[in-house]
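Chains as they are written, first to last, in the numbering used here: chain A, 1 to 154; chain B, 1001 to 1154. This report refers to the structure that appears directly beneath it.
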DNA sequence: CGAATAGGGTTGCATTATGAAACCAATTTG
DNA sequence: CAAATTGGTTTCATAATGCAACCCTATTCG
């Protein structure tokens, strides 16, 4: 039957996955972050079917992750550019990429090489930090959100 | 035709999405982080079909994100627990959750409430940082990885 | 100008994944 | 022992995916 949707889930991770949680959407966002803007370039770089790319781009536009901008003088040529909401996925993409590099390194050992434009130095691993800036593991935090509350009270 | 796979992609994000990039896997990891360990609990909390849950759990075990542990005395009762690789997805999940809370807040305004167990203080937003610990936006970094190299030299 | 090409998109169709429910075997619980 | 739990497989209808083939509108090339 229908793939389950999470539009009205009370879990924000589920709602987030509803927008960028399929195979292609996050890769499209990734390539947009690398500078890709044109339909044809997305298609060639990702090796994605055109109808699926159409579908994903329009959904990303609907969800305000991308916006569609006329690029040609007379219309009929467009660019898809990240919105602030889309750019805000930067930590997600970088964290996922670092995880992939760490646990599923490429055969050739190719790693993420993101550098501070100002200093040329590599960036740090993305981590969860407390209010003092100290890195925290999952064991160092407590969850006091709706899910936990539901489990305790229900 | 077949859903496209990225096992041997030279992009680590694609390889990462191959392991946790479907609708359910990351939600399973999320609930595992909240403490869920049993098949039935995952099923009830996620509202997932049993066959799909079987499939996802075994794939996550194959990919060493979870490990399957005998919980009953005589077998036939199991727990699925996060490995170090699985726990290492913590920043990804938290970043995604914060993004969801920021841009698609729940109708009731429910937010992520993760706190430092030691101090009780809320955690910081996950961000990308340079070697000095300063937060960086996507405009502050340069990408010097394989994809960019391929675009420059190709 | 006319033809070819490129960009963006839609349509058909075969293949695959998904979800609900039924069914199963082993193990607890009462 | 009977009934319920747990973890899992099977069956089947439906939805999503990928490929190829078209379509339409510019733009470029001869």
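The beta carbon of each residue, even a glycine, is placed where N, CA and C say it ideally should be.
Nearest CA to the CA of residue i: which residue from the options?
i: residue 52 (chain A); options: A:25, A:29, A:41; result: A:25
i: residue 138 (chain A); options: B:1018, B:1141, B:1070, B:1030; result: B:1030
i: residue 1088 (chain B); options: A:67, A:135, A:46, A:119; result: A:135
i: residue 62 (chain A); options: A:49, A:46, A:81, A:76; result: A:81
i: residue 1118 (chain B); options: A:13, A:131, A:117, A:100; result: A:131
i: residue 3 (chain A); options: A:102, A:11, A:17; result: A:17
i: residue 65 (chain A); options: A:41, A:102, A:83; result: A:83
i: residue 85 (chain A); options: B:1076, B:1100, B:1078, B:1086; result: B:1100
i: residue 1142 (chain B); options: A:106, A:91, A:120; result: A:120
i: residue 37 (chain A); options: A:27, A:79, A:50; result: A:79
i: residue 1115 (chain B); options: A:58, A:41, A:35, A:133; result: A:133
i: residue 12 (chain A); options: B:1071, B:1140, B:1110; result: B:1110
i: residue 1027 (chain B); options: B:1043, B:1076, B:1140; result: B:1043
i: residue 1048 (chain B); options: A:90, A:91, A:103, A:14; result: A:14
i: residue 1020 (chain B); options: B:1035, B:1055, B:1104, B:1070; result: B:1055
For residue i, count neighbouring C-beta atoms within 10 Å of its own C-beta (all shown protein chains included) and say buried if the count is 16 or more, exposed if not.
i: residue 1022 (chain B); result: buried
i: residue 1108 (chain B); result: exposed
Is residue i near the ligand FMN, with its Cβ less than 6 Å from a heavy atom?
i: residue 138 (chain A); result: This structure does not include the ligand FMN; it has no bound ligands of any sort.
Would you kindly report the start and end of the unbroken alpha helix (DSSP H) that includes residue i?
i: residue 1087 (chain B); result: 1084 to 1087
i: residue 62 (chain A); result: 50 to 62
i: residue 124 (chain A); result: Looking at the DSSP string, residue 124 (chain A) is not in any alpha helix (DSSP H), and its letter there is neither H nor E.
i: residue 1015 (chain B); result: 1012 to 1020
i: residue 1091 (chain B); result: 1090 to 1103
i: residue 1111 (chain B); result: Run containing residue 1111 (chain B): none; DSSP gives neither H nor E here.
Looking at the unbroken beta strand (DSSP E) that takes in residue i, where does it start and where does it end?
i: residue 67 (chain A); result: 66 to 70
i: residue 141 (chain A); result: 141 to 143
i: residue 1115 (chain B); result: 1114 to 1116
**Message:** At a CB distance below 7 Å, what residues from the region 1071 to 1101 of chain B approach chain A? Give them in sequence order.
**Reply:** 1085, 1087, 1088, 1089, 1090, 1091, 1092, 1093, 1094, 1095, 1096, 1097, 1099, 1100, 1101
**Prompt:** Counting Cβ pairs closer than 8 Å, one from the region 1080 to 1098 of chain B and one from the region 111 to 128 of chain A, do we hit at least three?
**Reply:** yes
**Message:** Can you pull out the residues from the region 1025 to 1045 of chain B whose beta carbon lies closer than 7 Å to at least one beta carbon of chain A?
**Reply:** So the close ones are 1026, 1027, 1030, 1033, 1034.
**Item:** Residues, ordered as in the chain, of the region 1114 to 1128 of chain B that lie near chain A by beta-carbon distance below 9 Å
**Value:** For the region 1114 to 1128 of chain B, residues whose beta-carbon sits nearer than 9 Å to a beta-carbon of chain A comprise 1114, 1115, 1116, 1117, 1118, 1119, 1120, 1121, 1122, 1123, 1124, 1125, 1126, 1127, 1128.
**Asked** Residues in the region 54 to 65 of chain A with C-beta within 7 Å of chain B's C-beta atoms, listed in sequence order?
**Response** Result list empty, no residue passes.
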